[in-house]
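Q: Numbering (the numbering used here) for the sequence shown: 13 to 158.
Built from N, CA and C at the ideal position, the CB exists for glycine as well.
All values reported here derive from a predicted model rather than from experimental measurement.
Before we start, here is the structure in question, set down as structure tokens.
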Amino acid sequence: MRNMLAAMAVMIVASPLAAQQSADPNAPRTPLPYDRGYDKDQPRTRAINDAERPEVQEANDIALAQSRTVSAPTVAGNAANEARYAADVAAYRVMLRQHRRDVRAYARQEGAYAQAMADWRAQVDACDRGNRRACDAPTPDPMNYM
13 MRNMLAAMAV MIVASPLAAQ QSADPNAPRT PLPYDRGYDK DQPRTRAIND
63 AERPEVQEAN DIALAQSRTV SAPTVAGNAA NEARYAADVA AYRVMLRQHR
113 RDVRAYARQE GAYAQAMADW RAQVDACDRG NRRACDAPTP DPMNYM
């Protein structure tokens, strides 16, 4: 009785598997009416892509122009902010010299902070890409870069 039940169970499980394996996965199939064939390199796909290429290129050009128009003030603002920051740093270093402070020590601290920030940005990028270890890592300490 047990042997008979085991044989029936094997037949029930094996018959769909055998049916699936008997079909040739590389056999040509009739394409669906909405199948654009993007996953296959064939004359039909190339014909569809060639027919739509001008419209796609035009849409891409419009999107790029809009992006440049929208981002132009940001780029200009960033350049102005960077220039202002550079002027502030230069003025601060002049003040340090006037008060006979060691500018080299400040430059070392600034370099350590910049390296820590670069490592932190890389850590955030890795975390955004799904690296759990980067997400769980502590923030880089500028003192470790001195």
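1) Which first and last residues belong to the alpha helix (DSSP H) in which residue 89 is found?
2) Assess, as a yes-or-no matter, whether the region 121-131 is touched by the region 103-113 under the definition of 3 or more beta carbon pairs within less than 8 Å.
3) Drop a sphere of 10 angstroms on the beta-carbon of residue 37, count the other beta-carbons inside from all chains shown, and report buried for 16 or more, exposed for fewer.
4) Can you check whether the CB of residue 138 is closer than 8 Å to the CB of residue 146?
5) From residue 62 to residue 144, what distance separates their C-alpha atoms?
6) Taking the alpha helix (DSSP H) that residue 149 falls in, what are its first and last residues?
A: On the basis of the supplied data:
1) Along the sequence shown, read from residue 1 onward, the residue named residue 89 stands at position 77. For residue 89, the uninterrupted alpha helix (DSSP H) run begins and ends at 55-110, by DSSP.
2) Because the criterion of three Cβ pairs below 8 Å is not met, the region 103-113 and the region 121-131 do not touch.
3) Start at 1 with the first residue of the sequence shown, and residue 37 comes out as number 25. Exposed: under 16 other Cβ atoms inside 10 Å.
4) Along the sequence shown, read from residue 1 onward, the residue named residue 146 stands at position 134. Along the sequence shown, read from residue 1 onward, the residue named residue 138 stands at position 126. Less than 8 Å divides the Cβ of residue 146 from the Cβ of residue 138.
5) Taking the first residue of the sequence shown as 1, we reach residue 62 at position 50. Taking the first residue of the sequence shown as 1, we reach residue 144 at position 132. Going by the C-alpha atoms only, they are around 43 Å apart.
6) Against the sequence shown, residue 149 aligns to sequence position 137. Looking at the DSSP string, residue 149 is not in any alpha helix (DSSP H), and its letter there is neither H nor E.
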